[in-house]
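S.K.: Mind having a look at this structure? Questions to follow.
Residue numbers (the numbering used here): 153 to 467.
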């Protein structure tokens, strides 16, 4: 896959089918759009191109929201490539860029510099200053500049249209099943294993503390989860704890840590990927270490019941 970060790197080619958007999550609805782009490129011998933005526009326009991401830029690149995208243009989103009108963006970027024959968009697509670029605007621009607009219908899961916002809310509420159905894959995050206080080892449950690769990545609601972890290309059953460990600390930082079943290797400094399967329970404060261990034994048993239902340890 060719990755462009400057429009001058892209050769003009009128025979291009493209789509554009933030694509946070690259969820099931986004995947339908990408599939259509690729289908058009293959059946009509067109160059396929995806245009996206970094950082996320809302982080630039509304930084006070402290938006967390479903997919980091690195994750997006990998998923786009897996889906068959051949050309990816990542626009550096700035406040200056946000002031471009839809007319300016279509003319200066797509028509004059990149070239396009078809553009594929979602059912609720908007772009440009004031989000003025909608399907009606694109259709009128297509007539003016000779390109076709293809609009994809809403992709429904549980009889409701999939959206990044709904997935984000589901993850924040610990509704992992719902989030995974909307994503079309298991929600995951990656990071480096770092040293902790080794409290878990003392309790008989050695855990790996994780420092996220990207601090803007969205973590799920505080609690205990059944997960799969990928380490050196091998998948393992595991439990994830996200919380402040209130049994031992009154005001601790929120830390993601995993207990890997039947595993006791030294993996400090290694990268680990965690894929969420199901939330088991919320975080609790116990009166003693003994009470905590009793609950952890139960978590281990309940986690295995969930994970043993997965036929293949793949993501």
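By construction, the Cβ of each residue, glycine as well, lies at the ideal position given by its N, Cα and C atoms.
What residues in its chain sit with their C-beta under 8 Å from that of residue 308, if we drop five residues either side in the sequence?
M.R.: Same-chain partners within the cutoff: 314.
S.K.: So, with DSSP's three-state summary, where would you put residue 398?
M.R.: At residue 398, the pLDDT of 46 sits below 50, so the modelled position is not reliable; the number obtained from the coordinates is stated separately. Residue 398 falls in the coil class under three-state DSSP.
S.K.: Going by DSSP, what residue range makes up the beta strand (DSSP E) through residue 340?
M.R.: That run of the beta strand (DSSP E) goes 340-346.
S.K.: Per DSSP, what kind of secondary structure is residue 384 in: helix, strand or coil?
M.R.: Note: residue 384 maps to coil in three-state DSSP.
S.K.: If you compare alpha carbons, which of 239, 221 and 332 is closest to residue 201?
M.R.: It is 239.
S.K.: Cα separation between residue 166 and residue 230?
M.R.: Their backbone Cα atoms lie some 27 Å apart in a straight line.
S.K.: Nearest by alpha-carbon distance to residue 382: which of 271, 236 and 412 is it?
M.R.: The residue with the shortest Cα to Cα distance from residue 382 is 412.
S.K.: How is residue 194 classed by DSSP in three states: helix, strand or coil?
M.R.: Helix.
S.K.: Within 8 Å, do at least three Cβ pairs link the stretch 354-373 to the stretch 250-264?
M.R.: These segments do not touch.
S.K.: Taking Cβ positions, are residue 271 and residue 290 nearer each other than 8 Å?
M.R.: In this structure, residue 290 lies closer than 8 Å to residue 271 by Cβ.
S.K.: Leaving out the 5 sequence neighbours to the left and right, which residues in its chain are closer than 7 Å to residue 399 when beta-carbon positions are compared?
M.R.: The pLDDT assigned to residue 399 is 46, lower than 50, so where the model puts this residue is not dependable; a value taken from the coordinates is nonetheless given after this. Cβ within range, chain order: 437, 438 and 444.
S.K.: Helix, strand or coil for residue 204, going by three-state DSSP, please let me know.
M.R.: Three-state DSSP puts residue 204 in a strand.
S.K.: Curious, which full-length beta strand (DSSP E) runs of at least 3 residues does the stretch 194-270 contain?
M.R.: Counting whole runs of 3 or more residues, the stretch 194-270 contains the beta strand (DSSP E) stretches 199-206 and 239-244.
S.K.: Keeping to the same chain, check which residues put their C-beta closer than 6 Å to that of residue 346; ignore five residues upstream and five downstream.
M.R.: The residues are 361 and 363.
S.K.: Looking at the structure shown, is residue 432 part of a helix, part of a strand, or coil, going by DSSP?
M.R.: Of the three classes helix, strand and coil, the one that applies to residue 432 here is strand, per DSSP.
S.K.: Provide the residue span of the alpha helix (DSSP H) that contains residue 447, from first to last.
M.R.: Unbroken alpha helix (DSSP H) run through residue 447: 441-459.
S.K.: Spell out the partners DSSP gives residue 318 in its beta bridges.
M.R.: Beta-bridge pairing links residue 318 to no other residue.
S.K.: Report the option in 269, 298, 237 and 427 whose CA atom is closest to the CA atom of residue 331.
M.R.: Among 269, 298, 237 and 427, the Cα nearest to that of residue 331 belongs to 427.
S.K.: Mind checking which residues open and close the alpha helix (DSSP H) that includes residue 290?
M.R.: Segment 287-297, the alpha helix (DSSP H) holding residue 290.
S.K.: So, with DSSP's three-state summary, where would you put residue 327?
M.R.: In this structure, residue 327 counts as coil in the three-state DSSP scheme.
S.K.: By how many angstroms is the C-alpha of residue 324 removed from the C-alpha of residue 432?
M.R.: Rounded to whole angstroms, residue 432 to residue 324 spans 15 Å at the Cα level.
S.K.: Start and end of the beta strand (DSSP E) containing residue 171?
M.R.: Residue 171 -> beta strand (DSSP E) spans 168-172.
S.K.: Quick one: is residue 421 buried, meaning 16 or more other Cβ sit within 10 Å of its Cβ, or exposed?
M.R.: Answer is exposed; the Cβ neighbour count stays below 16.
S.K.: Counting only C-beta atoms, is residue 179 closer than 8 Å to chain C at any point?
M.R.: In summary, chain C is missing from the structure at hand, where a single protein chain is found.
S.K.: Does the contact criterion of 3 or more C-beta pairs under 8 Å hold for the stretch 163-178 versus the stretch 195-209?
M.R.: Touching, yes, given that three or more Cβ pairs across the two stretches are closer than 8 Å.
S.K.: Going by the beta-carbon positions, is the gap between residue 468 and residue 406 smaller than 8 Å?
M.R.: Lying outside 153 to 467, the shown extent of the chain, residue 468 is not represented and no answer is given.
S.K.: Do you know offhand how far residue 269's Cα is from residue 298's?
M.R.: Rounded to the nearest angstrom, the two C-alpha atoms are 7 Å apart.
S.K.: Excluding the 5 residues preceding and the 5 following residue 186 in the sequence, name in chain order all residues of the same chain whose CB lies nearer than 8 Å to its CB.
M.R.: Excluding positions up to five away in sequence, the list reads 171, 178, 202, 232, 235, 236 and 237.
S.K.: How about residue 245 and residue 205: are their beta carbons less than 8 Å apart?
M.R.: Closer than 8 Å, so yes.
S.K.: May I ask which residues mark the beginning and end of the beta strand (DSSP E) holding residue 360?
M.R.: First-last of the beta strand (DSSP E) with residue 360: 360-364.
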